[in-house]
Amino acid sequence: MFRERCPVSGGEVAGILVAVFWAILVSFLAVALARLAQTLRATTKLVADVTEQAVPLLADASAAVRSAQTQIDRVDAIASDVQEVTSNASALSSTVASTFGGPLVKVAAFGYGVRRAIGRKSTGASAADAPAKQSRRTVIVGRTVPSARRSKRATRDNPNKRD
Numbered sequence: 014m015f016r017e018r019c020p021v022s023g024g025e026v027a028g029i030l031v032a033v034f035w036a037i038l039v040s041f042l043a044v045a046l047a048r049l050a051q052t053l054r055a056t057t058k059l060v061a062d063v064t065e066q067a068v069p070l071l072a073d074a075s076a077a078v079r080s081a082q083t084q085i086d087r088v089d090a091i092a093s094d095v096q097e098v099t100s101n102a103s104a105l106s107s108t109v110a111s112t113f114g115g116p117l118v119k120v121a122a123f124g125y126g127v128r129r130a131i132g133r134k135s136t137g138a139s140a141a142d143a144p145a146k147q148s149r150r151t152v153i154v155g156r157t158v159p160s161a162r163r164s165k166r167a168t169r170d171n172p173n174k175r176d
């Protein structure tokens, strides 16, 4: 029994090889597409989960921002009230100082003069003898300066005046 061979040409063999490679390529592409579809499903699920968690977080953040804005408005109102109170206190201080400051200084100077006059009268010293018997002192901001330094200072302050 003699078999007869089918004559297959080179073009037919090449066509079969191309068909096999094509089938292998299609199967690889099918696997890649299946994995891509799986990845897309997982990504879709992840985005949905993130959206479910992000929406309440955004609502909370929006509420916190609104609350902070309300507090800032309140602090701004308080600061403007404090500024107004400060300006009122400054005006009141200026008014009190100008109203009572001058007369108080005059009353204090008058009291000092009266005390000094009574002191001189009770010791029996005349007005001309008082500077010779007692060393005069000048008070400058809480400290006493001897008369020798006072005369230098008076000369320095007024160069035309000589003792």
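Just so you know, we're using the working numbering here: the sequence shown kicks off at 14 and counts up by one. Cβ coordinates follow ideal geometry from the N, Cα and C atoms, glycine included.
According to DSSP, is Arg-18 part of a helix, a strand, or is it coil? The DSSP-derived three-state label of Arg-18 is coil.
Straight-line gap, Val-33 to Leu-46 (C-alpha atoms, nearest Å): Rounded to whole angstroms, the separation of the alpha carbons of Leu-46 and Val-33 is 20 Å.
Inter-residue Cα distance where the pair is Ala-36 and Gly-23: Ala-36 and Gly-23 have their alpha carbons spaced roughly 20 Å apart.
If I measure Cβ to Cβ from Pro-69 and keep anything under 8 Å in the same chain, skipping five residues before and after, which residues do I get? Hits under 8 Å: none found.
Considering only residues of the region 87-136, which uninterrupted alpha helix (DSSP H) runs meet the minimum length of 4 residues and lie entirely inside it, listed in chain order? Listed in chain order, nothing qualifies, since the region 87-136 has no complete alpha helix (DSSP H) run of 4 or more residues.
Quick one: does the C-beta of Ala-102 sit closer than 7 Å to a heavy atom of the ligand FMN? What this structure holds is no ligand at all, so the ligand FMN is not there to describe.
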